Amino acid sequence: MENKKIDLLYIDCCIRGGESRTGRLAGAFLDELEERGGFSLDRLVLTEEALLPLTGEFFLQRERLLEAGELDHPRFRYAHQFARADRILV
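Quick note: the sequence shown uses my numbering, first residue 124, plus one each step.
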């Protein structure tokens, strides 16, 4: 019987990049997990994303998409990424 890998979503929100102590700690943790095996890692680096506040027209568009049941719209890519993950590390 084949063991399924655990899907791990790592949300990297370290704004200092390589200078971040938290980032270095997370990196060491992830290196250890990789060495042990059994994990499939997906990284979401927030400083590389064009994030917008959920206000005004941006919010209303989201509401219209939800109402229309258009859950496959790109606006929901983060929700789908979260849903796929077995574990989430922030």
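Virtual Cβ for every residue (Gly too), placed ideally from N, Cα, C. Treat the numbers as computed from the prediction; the structure is a model and nothing was measured.
- By the CB criterion at 9 Å, Ser163 and Ile134 fall outside the cutoff.
- Cβ-Cβ distances below 7 Å link Ile138 to Thr170 in the same chain, with the five nearest sequence neighbours on each side left out; the list follows chain order.
- With contacts defined as CB atoms closer than 9 Å, Arg185 and Leu177 qualify as a contacting pair.
- With distances taken between CA atoms, Phe205 lies nearest to Leu131 out of Gly141, Arg147, Leu131.
- For Arg159 and Ser143, the gap between their C-alpha atoms comes out near 24 Å.
- A Cβ-Cβ distance of about 19 Å is found for the pair Asp154 and Ala208, leaving them out of contact under the 8 Å criterion.
- In the DSSP annotation of this structure, the continuous segment of the alpha helix (DSSP H) that includes Phe152 starts and ends at 144 to 159.
- Leu175 is positioned such that its CB atom lies closer than 9 Å to that of Phe181.
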